[in-house]
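Student: Sequential numbering from 39 applies to the sequence shown in our numbering.
Shown below is the structure under consideration.
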Amino acid sequence: MYRFLLTPRWWGINLFVVLAIPFCVFMGTWQLGRFEDRVHTHEAAEKQPAPGTRAAEPLDELLPVDTETSGRPATATGRYADRFLVPGRELDDRKGFYVLDMLRTDSGKALPVVRGWLPGKPGQTRVPPAPSGRVTVTGDLQASENAGTAGVGATGGLPDGQVGMISAASLVNLVPYDVYDAWVTLPASGTSKAGGAEATALRPVPAAAPEGGGLDLKAFQNLGYTGEWFVFAGFVVFMWFRLLRREAEAARDVRLGLVPEAEAASPTAPEQEAVPDAEVRSGA
């Protein structure tokens, strides 16, 4: 009854099933692993002290920025150089802009420092000057922004001295020196010292939570994809058994003489109207 399994058609079906099921199981397991990793990261982050409460460390020791070092206090020493304004940023539901100064460190690379936020539009609000001379800053470390970062607006077509995204990839094209792939925001308790005098205070910009550091939407997307891949595997098995049963029933009907063998060989062919035997004989 099951000799049809040895036909070329069924060899192709069986090969597809043998390859599809392990692939679906592998992809489902991988997505489940991604979800579990995010759960473990979330649990580990809850057990650790808040990033802002930890002792400040030198900038180079906290790079590259990841879910563990994001928000950690970092220190750097150098001299302020170029300044950029970042328009279209909101703070407490008010529109304004960030004041971004480039700190040239002893290594020659520059660290973008968001000294604070001001209301209004760039060019219409007076910007306090950055401290002169050699300074030491302590601020919360942040990863470079990208097009998907909350608050990022237009990245092109801005006047000189303005940038839409705080990113090394965009800033390196505007300054003649290397830029760290990170930036810091000066908190309320942060200081910028120059010869013992504090710089003019701006409204501090709170550090943003690290992306992918907890049970966010992406984590539950991984869980949803896990279920989808296992459903696909079950569907492949279901369809294989359904085709097998249909083929076996057709073979049984032929063996019992219930269905002509020619008709069973092409079950999907459109049904033809029955022609009387007399007409068949006369046509022959």
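Every residue, glycine too, gets a C-beta built ideally from N, C-alpha and C.
Using DSSP with H/G/I as helix, E/B as strand and the rest coil, what is K256?
Tutor: Here K256 sits in helix by DSSP.
Student: In three-state terms, what does DSSP make of R241?
Tutor: The answer is strand: DSSP assigns R241 an E or B state.
Student: Can you tell which of A58, R117, G154 has the C-alpha that lies nearest to the C-alpha of L129?
Tutor: Of A58, R117, G154, the residue nearest in Cα terms is G154.
Student: Under 8 Å between the Cβ atoms of G66 and W267?
Tutor: The answer is yes: Cβ separation under 8 Å.
Student: Could you say which of T176, P46, R47 lies nearest to V151 if we only look at CA atoms?
Tutor: Among T176, P46, R47, the Cα nearest to that of V151 is on T176.
Student: Could you give the residue range of the alpha helix (DSSP H) that holds A168?
Tutor: No alpha helix (DSSP H) contains A168, which DSSP labels as neither H nor E.
Student: If I follow the unbroken alpha helix (DSSP H) through A181, where does it start and stop?
Tutor: Where A181 is concerned, there is no enclosing alpha helix (DSSP H), given that its DSSP letter is neither H nor E.
Student: Are the stretch 156-176 and the stretch 205-213 in contact at 8 Å, needing three or more beta carbon pairs?
Tutor: The stretch 156-176, when compared against the stretch 205-213, does not touch it at the 8 Å Cβ threshold.
Student: By alpha-carbon positions, which one of L281, A245, A148, L101 ends up nearest to V55?
Tutor: It is L281 whose Cα lies nearest to the Cα of V55.
Student: Would you give the residue range spanned by the beta strand (DSSP E) that A247 belongs to?
Tutor: Element bounds for A247: n/a, residue is neither H nor E.
Student: Can the beta-carbon of L97 be found closer than 8 Å to that of A112?
Tutor: Going by C-beta atoms, L97 is nearer than 8 Å to A112.
Student: With burial defined as no fewer than 16 other Cβ atoms inside 10 Å of the residue's Cβ, what is the status of L123: buried or exposed?
Tutor: L123 is buried by the Cβ-count criterion.
Student: Start and end of the beta strand (DSSP E) containing A119?
Tutor: Per DSSP, A119 belongs to the beta strand (DSSP E) from 111-129.
Student: Checking the sheet assignment: what are the DSSP bridge partners for T223?
Tutor: In the DSSP output, where bridge partners are listed per residue, T223 has V152, D178.
Student: Suppose you measure from the CA of I51 to the CA of V292; what does that come to, to the nearest Å?
Tutor: If I take the Cα positions, the gap works out to 22 Å.
Student: Looking only at its own chain, which residues have a Cβ that is under 6 Å from the Cβ of D216, when we skip the five neighbours before and after it?
Tutor: Cβ within range, chain order: K147.
Student: Secondary structure at R283, three-state DSSP: helix, strand or coil?
Tutor: Of the three classes helix, strand and coil, the one that applies to R283 here is helix, per DSSP.
Student: What would DSSP say about R92, mapped onto helix, strand or coil?
Tutor: Looking at R92 - three-state DSSP - the assignment turns out to be coil, as it is neither helix nor strand.
Student: So, helix, strand or coil for D98, using DSSP?
Tutor: Correct three-state label for D98: helix.
Student: Rounding to the nearest angstrom, what Cα-Cα distance links W221 and A168 in this structure?
Tutor: Taking the straight line from one Cα to the other gives about 16 Å.
Student: In this structure, does DSSP put L214 in helix, strand or coil?
Tutor: Inspection of the sequence shows that residue 214 is occupied by Pro rather than by Leu. Coil.
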